[in-house]
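Asks:
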Amino acid sequence: MNIEELLKDLDKDLRVTETKKIEKTIYITCEISKNESECPFCNHSSNAIHSKYIRTISDLPIQNNEVKLLLVTRKFFCSNPECNNKTFSERFDFVNPKAVKTNRLINYINGIGLRDNSMDAVRTLKDGGINVSSNTVLRIIKKNRN
Ligand SMILES: [Zn+2]
Numbered sequence: 183m184n185i186e187e188l189l190k191d192l193d194k195d196l197r198v199t200e201t202k203k204i205e206k207t208i209y210i211t212c213e214i215s216k217n218e219s220e221c222p223f224c225n226h227s228s229n230a231i232h233s234k235y236i237r238t239i240s241d242l243p244i245q246n247n248e249v250k251l252l253l254v255t256r257k258f259f260c261s262n263p264e265c266n267n268k269t270f271s272e273r274f275d276f277v278n279p280k281a282v283k284t285n286r287l288i289n290y291i292n293g294i295g296l297r298d299n300s301m302d303a304v305r306t307l308k309d310g311g312i313n314v315s316s317n318t319v320l321r322i323i324k325k326n327r328n
C-alpha cells in the first residue's frame with residue numbers, strides 16, 4: 183500500500199509525484215495523469231496546456247497527521263473557437279473550484295460538528311490532525327444543512 187492508493191478514492195487518475203512530512207503535516211504533491219480536460223463552459227475537451235499552478239488543499243488526516251495536497255492544476259486553452267472563454271482551469275470532482283478542503287474532509291468535519299458542540303468539535307478534530315476554528319465548523323454545518 184502506498185499514499186497514491188489512498189488518493190485513488192478521490193480520483194482514479196491522480197498521480198503522486200512527491201511526498202514530504204514536516205513535523206505533523208504530510209505534503210502530497212499530485213496531479214491528474216490524463217492529458218486532456220473538459221472546458222467547464224462549453225464541455226469541449228482540450229489538451230493544449232497554457233500554464234500550471236499549485237492549489238493547496240487540506241484532506242483527511244493520516245494517522246493524526248494533517249494532510250495537505252499540493253494539487254498541480256493545469257490551465258488549458260479552450261479548443262472551441264465558439265467558446266467565450268479562451269482558457270480554463272481544470273476542475274476536480276473531489277474539491278470545488280475555489281475550495282481549500284476536499285469534499286470528503288468537509289463531510290467529515292460536518293459530521294463531527296453535528297454530533298458535538300463547536301468547541302468540542304474543534305478539540306476532537308485537532309486531536310485527529312484537523313486544525314480548524316469553531317467559526318469554520320459552524321460555517322460548514324450551516325452550508326451543508328440544505
Ligand atoms: Zn470552452
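My numbering numbers the first residue of the sequence shown as 183 and each following residue consecutively. Think of the CB as a built atom: it goes at the ideal place given N, C-alpha and C, for glycine as much as any other residue.
According to DSSP, simplified to helix, strand and coil, what is V304?
Replies: In this structure, V304 counts as helix in the three-state DSSP scheme.
Asks: Per DSSP, what kind of secondary structure is L275 in: helix, strand or coil?
Replies: The displayed chain sequence assigns Asp, not Leu, to residue 275. Coil at D275, not helix or strand.
Asks: In three-state DSSP terms, what is R237?
Replies: Correct three-state label for R237: strand.
Asks: Just to confirm, does H126 get its C-beta within under 8 Å of one of the non-hydrogen atoms of ligand 1?
Replies: Residue numbering for the chain in the displayed model covers 183 to 328; residue 126 lies beyond these limits and cannot be assessed.
Asks: Run the proximity test for N267: is its beta-carbon closer than 8 Å to any non-hydrogen atom belonging to ligand 3?
Replies: This structure lacks ligand 3; its bound ligands are ligand 1.
Asks: Does the pairing of the region 207 to 216 with the region 246 to 256 give three or more beta-carbon distances under 8 Å?
Replies: Taking 8 Å as the limit for Cβ pairs, the verdict is that the region 246 to 256 does touch the region 207 to 216.
Asks: Please return the same chain residues whose Cβ sits closer than 7 Å to the Cβ of I322, not counting the five positions on each side in sequence.
Replies: Counting only Cβ-Cβ distances below 7 Å, and skipping sequence neighbours, we find I288, I291, N292 and G295.
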